[in-house]
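Comments concern the structure below.
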Amino acid sequence: LLQPIVVRHLASGTYQLVMGERRLRAAALAGLTAVTAIVRDTADDALLRDALLENIHRVQLNPLEEAAAYDQLLVEFGVTHEELAGRLGRSRSQITNTIRLLRLPVPVQRRVAAGILSAGHARALLGLDDSGSQEALATRIVAEGLSVRATEELVATTAATPDRPRGKRTGRISAPGAEVLAERLSDAYDTKVRVEIGRRKGRIVVEFGSIQDLERIVALMHPQPGGSDGSPPLSV
Numbered sequence: 005l006l007q008p009i010v011v012r013h014l015a016s017g018t019y020q021l022v023m024g025e026r027r028l029r030a031a032a033l034a035g036l037t038a039v040t041a042i043v044r045d046t047a048d049d050a051l052l053r054d055a056l057l058e059n060i061h062r063v064q065l066n067p068l069e070e071a072a073a074y075d076q077l078l079v080e081f082g083v084t085h086e087e088l089a090g091r092l093g094r095s096r097s098q099i100t101n102t103i104r105l106l107r108l109p110v111p112v113q114r115r116v117a118a119g120i121l122s123a124g125h126a127r128a129l130l131g132l133d134d135s136g137s138q139e140a141l142a143t144r145i146v147a148e149g150l151s152v153r154a155t156e157e158l159v160a161t162t163a164a165t166p167d168r169p170r171g172k173r174t175g176r177i178s179a180p181g182a183e184v185l186a187e188r189l190s191d192a193y194d195t196k197v198r199v200e201i202g203r204r205k206g207r208i209v210v211e212f213g214s215i216q217d218l219e220r221i222v223a224l225m226h227p228q229p230g231g232s233d234g235s236p237p238l239s240v
């Protein structure tokens, strides 16, 4: 075996498999009578957490099932985005962006789960502010067979030219440096950031995937010696 299986010792004197079911089956099919195992002292809640992580690795989940599994780990076991990323070999932003798919309207989620819309299409739709626009564009993607790239361009165009009453002038002005700044901030905070500049004032919009993710971003904005700003956790 390239990687040992993981077991835990039970009071009965036997061992319970924690991770490595597929490896153990492969060893049995190969005729092996012994395999290398790591014995871990794992509590029941940690056992379920590790089993869920193993299941994410083993089973081919659709993007919505994957997002729901991540969310379950975050809520029930207090696993952080960073821990998930490390255990699954993915970036923290991949974890956050996958969980954000759960924000989509239910009709759009159904299309993603059915494979009618790809995860790339779904992530692009999150760039629209309201569910009605997301559903309308999802319908257009299916009807016209739009690529992810074309969808992203449509979302960018829609976000840059929001609907306004006729005769009312928009206060937003073109600022070439705004996109560059937005990219720099997005890289710094590992999330999507928009910089909007008007004729008299502007705003910076920072997206976050959860309260935990918001706390991470706030900590990056206000770094303190020792790694903590001493402020109480955010809650809703």
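Number 86 in my numbering belongs to position 82 of the sequence shown; there are no gaps in the numbering.
Virtual Cβ for every residue (Gly too), placed ideally from N, Cα, C.
Fair warning: this is a prediction, and the values are worked out from it, not measured in the lab.
Residue i and residue j closer than 9 Å at C-beta
i: V112; j: A142; result: yes
i: A128; j: V152; result: yes
i: I9; j: A38; result: no
i: A130; j: R114; result: A small correction: the amino acid at residue 130 is Leu; Ala does not occupy that position in the sequence shown. Taking 9 Å as the Cβ cut-off, L130 and R114 do not qualify as a contacting pair.
i: L105; j: A123; result: yes
i: R44; j: V22; result: yes
i: T100; j: F212; result: yes
Per DSSP, cross-strand counterpart(s) of residue i
i: V210; result: V197
i: A41; result: I9
i: Y19; result: H13
Buried versus exposed, by CB contacts within 10 Å (16 or more), residue i
i: Y193; result: buried
i: H13; result: exposed
i: T18; result: exposed
i: K196; result: buried
i: R173; result: Confidence at R173 is low in this model, with a pLDDT of 47, below 50, so the placement of that residue should be treated as unreliable; the coordinate-derived value is given next. That one is exposed.
i: I120; result: exposed
i: P67; result: buried
i: V116; result: buried
i: R96; result: buried
i: G24; result: buried
i: R207; result: exposed
i: L33; result: exposed
i: D217; result: buried
i: R220; result: buried
i: L36; result: exposed
i: L77; result: buried
i: A71; result: buried
i: R170; result: Note that R170 scores a pLDDT of 47, beneath 50, so its modelled location is shaky; the value from the coordinates is reported in the next line. The residue is exposed, with fewer than 16 neighbouring Cβ atoms inside 10 Å.
i: V146; result: exposed
i: V184; result: exposed
Integer Cβ distance of residue i from residue j, believed to fall under 8 Å
i: I103; j: S190; result: That pair is no contact at about 17 Å.
i: A182; j: V209; result: No, A182 and V209 are not in contact; Cβ-Cβ is about 12 Å, not under 8 Å.
i: H125; j: T155; result: 5 Å
i: P109; j: E69; result: That belief does not hold up - the Cβ atoms of P109 and E69 are roughly 18 Å apart, past 8 Å.
Any chain D beta carbon closer than 9 Å to residue i
i: A89; result: Going by chain labels, chain D is absent from the structure shown, which holds only one protein chain.
Quick one: which unbroken alpha helix (DSSP H) runs of 4-plus residues sit fully inside the stretch 52 to 126? Chain order, please. 67 to 81, 85 to 92, 96 to 103, 110 to 117
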